[in-house]
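J.: Top line first, the protein sequences correspond to chains E, A and S. Counted the way numbering that gives the first Met the number 0 counts, the first sequence spans residues 0 to 183. Counted the way numbering that gives the first Met the number 0 counts, the second sequence spans residues 0 to 183. Counted the way numbering that gives the first Met the number 0 counts, the third sequence spans residues 0 to 266. We put the CB at the ideal spot given by N, CA and C, even for glycine. If you're wondering where the values come from, they're calculated on a predicted model, not measured in any experiment. This is the structure I have questions about; it appears just below.
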Amino acid sequence: MPTAKASLKNIIEAMLLAAGQPLSIKRITRLFSDEWQASEAEVREALAILQQEYQGRGVELKEVATGYRFQVSQETASWVSRLWEERPPRYSRALLETLALIAYRQPITRAEIEEIRGVAVSSSIIKTLIEREWIRVTGQRDVPGKPALYATTDIFLDYFNLQNADQLPSLMAAQKLDTTSNGH
Amino acid sequence: MPTAKASLKNIIEAMLLAAGQPLSIKRITRLFSDEWQASEAEVREALAILQQEYQGRGVELKEVATGYRFQVSQETASWVSRLWEERPPRYSRALLETLALIAYRQPITRAEIEEIRGVAVSSSIIKTLIEREWIRVTGQRDVPGKPALYATTDIFLDYFNLQNADQLPSLMAAQKLDTTSNGH
Amino acid sequence: MSSLVATAPAESLLAKVNGEPVVSLPKGLFIPPDALEVFLETFEGPLDLLLYLIRSHNLDILNIPIAEVTRQYMKYVALMEAIDLTLAADYLVMAAMLAEIKSRMLLPPTSQSEAQDETDPRAELVRRLQAYERYKKAAEALDQIPRMERDTFEVKIDPPPLQQERQHPQVELESILLAFREVVQRAAHTTHHTIEREVLSVGERMKAILALVTPHSFTAFSELFQQGEGRGGLIVTLLAILELHKEQLIELVQVEPYEVIHVKGSA
Numbered sequence: 000m001p002t003a004k005a006s007l008k009n010i011i012e013a014m015l016l017a018a019g020q021p022l023s024i025k026r027i028t029r030l031f032s033d034e035w036q037a038s039e040a041e042v043r044e045a046l047a048i049l050q051q052e053y054q055g056r057g058v059e060l061k062e063v064a065t066g067y068r069f070q071v072s073q074e075t076a077s078w079v080s081r082l083w084e085e086r087p088p089r090y091s092r093a094l095l096e097t098l099a100l101i102a103y104r105q106p107i108t109r110a111e112i113e114e115i116r117g118v119a120v121s122s123s124i125i126k127t128l129i130e131r132e133w134i135r136v137t138g139q140r141d142v143p144g145k146p147a148l149y150a151t152t153d154i155f156l157d158y159f160n161l162q163n164a165d166q167l168p169s170l171m172a173a174q175k176l177d178t179t180s181n182g183h
Numbered sequence: 000m001p002t003a004k005a006s007l008k009n010i011i012e013a014m015l016l017a018a019g020q021p022l023s024i025k026r027i028t029r030l031f032s033d034e035w036q037a038s039e040a041e042v043r044e045a046l047a048i049l050q051q052e053y054q055g056r057g058v059e060l061k062e063v064a065t066g067y068r069f070q071v072s073q074e075t076a077s078w079v080s081r082l083w084e085e086r087p088p089r090y091s092r093a094l095l096e097t098l099a100l101i102a103y104r105q106p107i108t109r110a111e112i113e114e115i116r117g118v119a120v121s122s123s124i125i126k127t128l129i130e131r132e133w134i135r136v137t138g139q140r141d142v143p144g145k146p147a148l149y150a151t152t153d154i155f156l157d158y159f160n161l162q163n164a165d166q167l168p169s170l171m172a173a174q175k176l177d178t179t180s181n182g183h
Numbered sequence: 000m001s002s003l004v005a006t007a008p009a010e011s012l013l014a015k016v017n018g019e020p021v022v023s024l025p026k027g028l029f030i031p032p033d034a035l036e037v038f039l040e041t042f043e044g045p046l047d048l049l050l051y052l053i054r055s056h057n058l059d060i061l062n063i064p065i066a067e068v069t070r071q072y073m074k075y076v077a078l079m080e081a082i083d084l085t086l087a088a089d090y091l092v093m094a095a096m097l098a099e100i101k102s103r104m105l106l107p108p109t110s111q112s113e114a115q116d117e118t119d120p121r122a123e124l125v126r127r128l129q130a131y132e133r134y135k136k137a138a139e140a141l142d143q144i145p146r147m148e149r150d151t152f153e154v155k156i157d158p159p160p161l162q163q164e165r166q167h168p169q170v171e172l173e174s175i176l177l178a179f180r181e182v183v184q185r186a187a188h189t190t191h192h193t194i195e196r197e198v199l200s201v202g203e204r205m206k207a208i209l210a211l212v213t214p215h216s217f218t219a220f221s222e223l224f225q226q227g228e229g230r231g232g233l234i235v236t237l238l239a240i241l242e243l244h245k246e247q248l249i250e251l252v253q254v255e256p257y258e259v260i261h262v263k264g265s266a
């Protein structure tokens with residue numbers, strides 16, 4: 000018989016491997032609410048042990064925006080991709096720039112994105128981003144025409160292995176026009 | 000740096016956990032055929048080590064008819080099942096629109112759905128609908144690439160108490176629906 | 000000021016621009032001509048093209064040699080037109096902006112403007128270029144982050160066999176009907192918009208007019224209007240002419256009141 004703690008850990012391990020989506024500490028704790036009465040602290044501790052145990056293995060336990068998930072480790076990923084014939088989806092620069100603007104300047108309207116990029120944003124890009132559930136409409140800018148305001152979602156953060164928007168790469172600082180610069 | 004053997008083991012571990020189906024020794028060996036030149040014996044050995052390592056954990060490595068697969072261990076299974084006992088989430092709009100187009104325009108290819116919707120249809124939507132047995136492949140469109148034609152199934156009709164697809168409500172009915180209920 | 004134009008590396012005729020043969024590509028364009036179209040299509044718009052010109056020539060973004068950059072920019076725009084690349088109106092608007100900055104920099108500073116207005120005519124352009132570059136770089140960084148389906152993959156083993164009754168979401172027939180109606184309406188809507196854009200785009204018309212007029216000869220005003228386009232077409236053409244005139248890309252000449260108006264391209 001495994002000890003109570005070992006079993007809690009085992010169950011969480013199996014849950015995470017079978018869930019097919021990240022599980023939050025709250026949700027895991029809720030699944031134990033009736034008989035077991037495991038506390039969030041206990042769940043957190045089990046997760047920490049699992050995280051350690053899976054270090055240096057083929058998969059790793061990662062915390063992302065919506066919870067914890069097992070994912071293929073970066074060292075094994077290129078081998079694992081051989082399982083499928085499909086190539087990973089590639090995203091155009093136009094899409095990535097639009098996404099970056101929404102991520103860093105949220106909430107932002109389409110017109111504001113167009114002003115910074117200097118070109119029109121195609122409807123298909125916005126549609127694709129909404130379809131992937133990477134962005135959503137969070138409201139309307141209080142200007143004539145009431146344009147939609149876009150923001151990124153937790154699913155976007157999950158996809159890019161981030162826990163929150165603060166983990167996005169930092170923006171490069173702009174040089175000031177009035178200071179004498181000596182290039183870079 | 001892990002040794003070659005440890006890495007082979009890690010890669011196989013990740014492959015088995017990500018594949019979504021059992022993998023045979025032959026298939027695994029073939030995936031290493033070009034660069035690595037791992038032999039079937041080496042693959043078999045790595046599998047044996049993995050099998051040992053996962054003893055007494057939340058999941059176990061099992062050999063079934065078509066190959067090796069990880070599965071939830073007996074001790075954890077009833078707990079893991081709780082994940083699916085929760086209220087199922089609602090279908091996304093993208094899924095409903097895809098289903099609607101298949102129902103009303105059947106038989107239809109994925110590309111045709113994408114053309115009407117103006118965005119790519121994700122594979123997971125098609126997968127979910129096929130898993131639920133609401134749609135199936137009925138043939139191939141006679142154009143280059145021979146894309147699959149999708150149509151709804153009898154199970155779909157049963158679910159909605161219809162005898163055949165002609166009984167689907169007409170667009171006229173939608174207009175009426177709209178005037179009676181003022182949205183939500 | 001050093002010239003940014005390469006000194007005739009290639010002798011073969013590459014394209015005709017405004018009737019004049021182009022024998023050399025702008026510097027930095029060391030690519031086979033058949034890859035030209037692909038290369039030009041990689042620009043994400045006028046700001047991207049300008050940034051490329053500035054960065055590839057190691058220019059100081061805070062002290063842009065506007066005359067040279069404008070000349071280079073127009074060369075690329077002409078190339079794009081020459082190989083029939085659909086040129087967005089945004090490129091022409093930027094051309095006009097560059098021309099305006101150039102002319103403002105040529106103006107001798109008046110005492111009044113010296114006193115209260117020390118803003119460089121290039122300031123707004125620099126601000127926009129910097130803002131764009133910041134997010135262009137951010138997009139590149141975003142593309143580097145390890146992401147699902149490329150650098151890592153979902154792990155998913157089969158659910159335990161104990162749970163036979165998999166719970167599925169419930170669906171009402173009504174919601175399928177509504178989804179269908181929405182998709183049909185949206186499809187109709189987008190088609191409608193595309194047609195409207197293509198027929199009545201001022202930007203497109205500006206481009207068409209610029210292709211028609213030359214700096215060397217006069218074109219009759221009335222020739223710019225096409226028969227059978229209806230009132231909408233007349234208005235768009237008129238707007239395009241006024242816009243081009245405002246941006247000083249064309250000149251309008253009328254000898255006497257009620258005489259024929261002539262149009263020619265600005266030199």
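Take the Cβ of residue 48 of chain S as the centre, count every other Cβ of all protein chains shown within 10 Å, and call the residue buried at 16 or more, exposed below.
T.: Here residue 48 of chain S corresponds to residue number 49 of the third sequence, with the count starting at 1. The residue is buried, with at least 16 neighbouring Cβ atoms inside 10 Å.
J.: Please state whether DSSP places residue 261 of chain S in a helix, a strand or coil.
T.: Translated into the one-based positions of the third sequence, residue 261 of chain S becomes position 262. DSSP places residue 261 of chain S in strand when its eight states are reduced to three.
J.: Quick check on residue 103 of chain A: does DSSP put it in helix, strand or coil?
T.: Sequence index remark: in the second sequence, residue 103 of chain A carries index 104 (1-based). Residue 103 of chain A falls in the helix class under three-state DSSP.
J.: Which one of E/159, E/43, E/129, E/115 has the shortest CA to CA distance from residue 123 of chain S?
T.: What you label residue 123 of chain S is simply residue 124 of the third sequence in a count that begins at 1. Cα-wise, what sits closest to residue 123 of chain S is E/115.
J.: Counting Cβ pairs, one atom from each stretch, are 3 or more of them under 8 angstroms apart for the segment 89-109 of chain E and the segment 51-67 of chain E?
T.: Touching, no.
J.: Do you know offhand how far residue 182 of chain S's Cα is from residue 176 of chain S's?
T.: For the purposes of this step, residue 182 of chain S is taken as residue 183 along the third sequence, with counting starting at 1. For the purposes of this step, residue 176 of chain S is taken as residue 177 along the third sequence, with counting starting at 1. If you take the alpha carbons of residue 182 of chain S and residue 176 of chain S, they lie about 10 angstroms apart.
J.: If you draw a straight line from the C-alpha of residue 58 of chain E to the C-alpha of residue 71 of chain E, how long is it?
T.: Position 59 of the first sequence, counted from the start, is the residue given in the question as residue 58 of chain E. Position 72 of the first sequence, counted from the start, is the residue given in the question as residue 71 of chain E. If I take the Cα positions, the gap works out to 4 angstroms.
J.: Nearest to residue 250 of chain S by CA position, among S/174, S/208, S/231, is which residue?
T.: Residue mapping note: residue 250 of chain S aligns to position 251 of the third sequence, counting from 1. For residue 250 of chain S, the nearest C-alpha among the options comes from S/208.
J.: Residue 184 of chain S: buried (16+ other C-beta within 10 angstroms of its C-beta) or exposed?
T.: Against the third sequence, residue 184 of chain S aligns to sequence position 185. Answer is exposed; the Cβ neighbour count stays below 16.
J.: In this structure, does DSSP put residue 22 of chain E in helix, strand or coil?
T.: Here residue 22 of chain E corresponds to residue number 23 of the first sequence, with the count starting at 1. Note: residue 22 of chain E maps to strand in three-state DSSP.
J.: May I have the straight-line CA-CA distance separating residue 37 of chain S from residue 52 of chain A, to the nearest angstrom?
T.: Your numbering for residue 37 of chain S matches position 38 in the third sequence. Your numbering for residue 52 of chain A matches position 53 in the second sequence. For residue 37 of chain S and residue 52 of chain A, the distance between alpha carbons rounds to 53 angstroms.
J.: Put residue 61 of chain E into one of helix, strand or coil per three-state DSSP.
T.: In the first sequence, the residue the question calls residue 61 of chain E occupies position 62. Three-state result, residue 61 of chain E: strand.
J.: Going by DSSP, what residue range makes up the beta strand (DSSP E) through residue 74 of chain E?
T.: In the first sequence, counting from the first residue as 1, residue 74 of chain E sits at position 75. First-last for residue 74 of chain E: 73-79, but that is the alpha helix (DSSP H), not the beta strand (DSSP E).
J.: Output, in chain order, the set of chain A residues within a Cβ distance shorter than 7 angstroms of residue 81 of chain E.
T.: By one-based count along the first sequence, residue 81 of chain E stands at place 82. Per Cβ cutoff of 7 angstroms: 30.
J.: My assumption, with CB atoms under 8 angstroms, is that residue 210 of chain A sits in contact with residue 137 of chain A. Please give the rounded CB distance.
T.: A query on residue 210 of chain A cannot be resolved here, the shown segment of chain A reaching from 0 to 183 and no further.
J.: Tell me which residue opens and which closes the beta strand (DSSP E) that residue 149 of chain E is part of.
T.: If you number the first sequence from 1, residue 149 of chain E lands on position 150. Its beta strand (DSSP E) spans residues 147-151.
J.: Per DSSP, residue 253 of chain S is paired with what?
T.: Residue 253 of chain S sits at position 254 when you count from the first residue of the third sequence. Residue pairing by DSSP places residue 253 of chain S opposite S/260 in a beta bridge.
J.: Quick check on residue 126 of chain S: buried or exposed, where buried means 16 or more other Cβ atoms within 10 Å of its Cβ?
T.: Looking up residue 126 of chain S in the third sequence gives position 127. Exposed, by the Cβ-count rule.
J.: Between the segment 31-47 of chain E and the segment 156-170 of chain E, do three or more beta carbon pairs fall short of 8 angstroms?
T.: no
J.: Measuring CA to CA, which of A/121, A/61, A/98, A/19 is closest to residue 178 of chain S?
T.: Working through the third sequence from its first residue, we reach residue 178 of chain S at position 179. Cα-wise, what sits closest to residue 178 of chain S is A/98.
J.: List the residues of chain S whose Cβ lies closer than 9 angstroms to the Cβ of residue 36 of chain A, in chain order.
T.: Within the second sequence, the letter at position 37 stands for residue 36 of chain A. In chain order: nothing, as chain S lies at least about 24 angstroms away.
J.: Kindly provide the ranges of any alpha helix (DSSP H) runs that are 4 or more residues long and lie completely inside the segment 109-135 of chain A, ordered along the chain.
T.: 109-116, 122-130
J.: How should residue 57 of chain S be labelled, buried or exposed, when 16 other C-beta atoms within 10 angstroms of its C-beta is the threshold for buried?
T.: Within the third sequence, the letter at position 58 stands for residue 57 of chain S. Exposed, because fewer than 16 other Cβ atoms sit within 10 Å of the Cβ of residue 57 of chain S.
J.: Regarding residue 157 of chain E and the ligand GDP, is the C-beta to nearest heavy atom distance less than 7 angstroms?
T.: Among the ligands in the structure shown, none appear at all, so the ligand GDP cannot be discussed.
J.: Rounded to whole angstroms, what is the Cα-Cα separation between residue 193 of chain S and residue 123 of chain E?
T.: Here residue 193 of chain S refers to the residue found at position 194 when the third sequence is read from its first residue. Here residue 123 of chain E refers to the residue found at position 124 when the first sequence is read from its first residue. With a pLDDT of 43 at residue 193 of chain S, under the threshold of 50, the predicted position of this residue should be treated as unreliable, and no value is reported.
J.: What's the gap between the Cα of residue 38 of chain E and the Cα of residue 78 of chain A?
T.: Along the first sequence, read from residue 1 onward, the residue named residue 38 of chain E stands at position 39. Along the second sequence, read from residue 1 onward, the residue named residue 78 of chain A stands at position 79. Distance from the CA atom of residue 38 of chain E to the CA atom of residue 78 of chain A, rounded to whole angstroms, is 16 angstroms.
J.: Going along the chain, which unbroken runs of the alpha helix (DSSP H) with 4 or more residues stay wholly within the segment 66-145 of chain S?
T.: The alpha helix (DSSP H) runs of length 4 or more contained entirely in the segment 66-145 of chain S are, from start to end of the chain, 88-105, 110-115, 122-143.
J.: In chain E, which residues lie less than 9 angstroms from residue 58 of chain A when you measure between Cβ atoms?
T.: Against the second sequence, residue 58 of chain A aligns to sequence position 59. Correct list: 9, 12, 13, 16, 17.
J.: For chain D, is any of its Cβ atoms less than 8 angstroms away from the one on residue 164 of chain A?
T.: Among the protein chains in the structure shown, which are E, A and S, there is no chain D.
J.: Suppose the cutoff is 8 angstroms on Cβ atoms and the five residues either side in sequence are ignored; what does the same chain contact list for residue 25 of chain A look like?
T.: Here residue 25 of chain A refers to the residue found at position 26 when the second sequence is read from its first residue. So the list reads 39, once near-sequence residues are dropped.
J.: Give the interface partners of residue 186 of chain A over in chain S, defined as CB-CB distance under 9 angstroms, in chain order.
T.: The question about residue 186 of chain A has no answer here: the residues shown for chain A are numbered 0 through 183.
J.: Answer with yes or no whether the minimum CB distance from residue 214 of chain S to chain A is below 8 angstroms.
T.: Along the third sequence, one-based indexing puts residue 214 of chain S at 215. With 8 angstroms as the cut-off, residue 214 of chain S does not count as an interface residue toward chain A.
J.: Within 8 angstroms (strictly less), CB to CB, does residue 71 of chain A reach chain E?
T.: Residue 71 of chain A sits at position 72 when you count from the first residue of the second sequence. True, the Cβ-Cβ gap to chain E drops below 8 angstroms.
J.: Excluding the 5 residues preceding and the 5 following residue 153 of chain S in the sequence, name in chain order all residues of the same chain whose CB lies nearer than 8 angstroms to its CB.
T.: As a first step, residue 153 of chain S is located in the third sequence; it is residue number 154 there, counting from the start. Only 147 meet the Cβ criterion.
J.: Measuring only between beta-carbons, confirm whether residue 84 of chain A sits less than 8 angstroms from chain S.
T.: Taking the first residue of the second sequence as position 1, residue 84 of chain A is located at position 85. Output row for residue 84 of chain A: interface = yes.
J.: For residue 171 of chain S and residue 91 of chain A, what's the separation of their Cα atoms in angstroms?
T.: Residue numbering aside, residue 171 of chain S sits at position 172 when the third sequence is read from its first letter. Residue numbering aside, residue 91 of chain A sits at position 92 when the second sequence is read from its first letter. Computed Cα separation, rounded: 13 angstroms.
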